[in-house]
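Q: The structure's right below; bear with me while I get my questions together.
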Amino acid sequence: MDLREKKTKRSITNAFLQLRSHKPPERITVKELSEAAEISKATFYLHYKDIYDLSEQLEKEIIQTIIQDLAHPDDVLTNPVQFLNDLLTSFYAKQNIIAILFSGSRANILPHNLEAGIKEHLFSRHPKLQEDAAFNIQLTYQIKGSYYAYMDNKEVFGDTLVVETLNRIIRIPNNTECP
Numbered sequence: 000m001d002l003r004e005k006k007t008k009r010s011i012t013n014a015f016l017q018l019r020s021h022k023p024p025e026r027i028t029v030k031e032l033s034e035a036a037e038i039s040k041a042t043f044y045l046h047y048k049d050i051y052d053l054s055e056q057l058e059k060e061i062i063q064t065i066i067q068d069l070a071h072p073d074d075v076l077t078n079p080v081q082f083l084n085d086l087l088t089s090f091y092a093k094q095n096i097i098a099i100l101f102s103g104s105r106a107n108i109l110p111h112n113l114e115a116g117i118k119e120h121l122f123s124r125h126p127k128l129q130e131d132a133a134f135n136i137q138l139t140y141q142i143k144g145s146y147y148a149y150m151d152n153k154e155v156f157g158d159t160l161v162v163e164t165l166n167r168i169i170r171i172p173n174n175t176e177c178p
């Protein structure tokens, strides 16, 4: 990608994020975005099919950076507390853009797609885990549970207390048996 193309995409992204911070993607028009980015509509369409394509590409980029932030994604198998800390640290570092991109009708996209991305990584390295019900349920709980617990409680109790509490929960062995 040449410098001009990078600048154009950056301009489109910045304009989209500015607009998206005030309204849902379904209310943003290509005309409005193009004006804000100081580009033509034709230029926008050279890079994206529509507003939803742009939104989805930005969402995928954030999810990929969260996965890349996990120093050792396999920690979910051997060190779930470290995995949780890395995951929550990444959420915290990206909380502003997460709040913009994954709000409103897009709120459930992040934890769902993040889980899918982590599973893809883990299953490529450990294919037998695909059939392991306990592992899959635990992973869903860790990713989606920690995401929602963190996002719903960080403003009330603060980041530190939420993370400490989640760490205690992860450390508690589950000795209950299902009927």
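Take the sequence shown: its position 53, counted from the start at 1, is 52 in numbering that gives the first Met the number 0, and no numbers get skipped.
In this text, a Cβ means the ideal position worked out from N, Cα and C, and glycines have one as well.
Counting along the chain, where does the alpha helix (DSSP H) carrying I117 start and finish?
A: 108 to 124 is the extent of the alpha helix (DSSP H) around I117.
Q: Using 8 angstroms as the threshold, is the segment 33 to 49 in touch with the segment 72 to 80, meaning 3 or more CB pairs across them?
A: No, the segment 33 to 49 does not touch the segment 72 to 80.
Q: With a Cβ-Cβ cutoff of 8 angstroms, do H120 and I66 count as a contact?
A: Contact: yes.
Q: Find the nearest neighbour of I136 within the set E37, S39, K118, judged by alpha-carbon distance.
A: For I136, the nearest C-alpha among the options comes from K118.
Q: Helix, strand or coil for H69, going by three-state DSSP, please let me know.
A: Reading off the sequence shown, one finds Leu at residue 69, where the question assumed His. DSSP places L69 in coil when its eight states are reduced to three.
Q: Quick one: which unbroken alpha helix (DSSP H) runs of 4-plus residues sit fully inside the segment 7 to 34? Chain order, please.
A: Those alpha helix (DSSP H) runs which fall completely within the segment 7 to 34 and span 4+ residues do not exist here.
Q: Should I97 and L109 be called a contact, given that it needs their Cβ atoms to be closer than 8 angstroms?
A: Closer than 8 angstroms, so yes.
Q: Should V162 and L113 be called a contact, given that it needs their Cβ atoms to be closer than 8 angstroms?
A: The answer is no: Cβ separation not under 8 angstroms.
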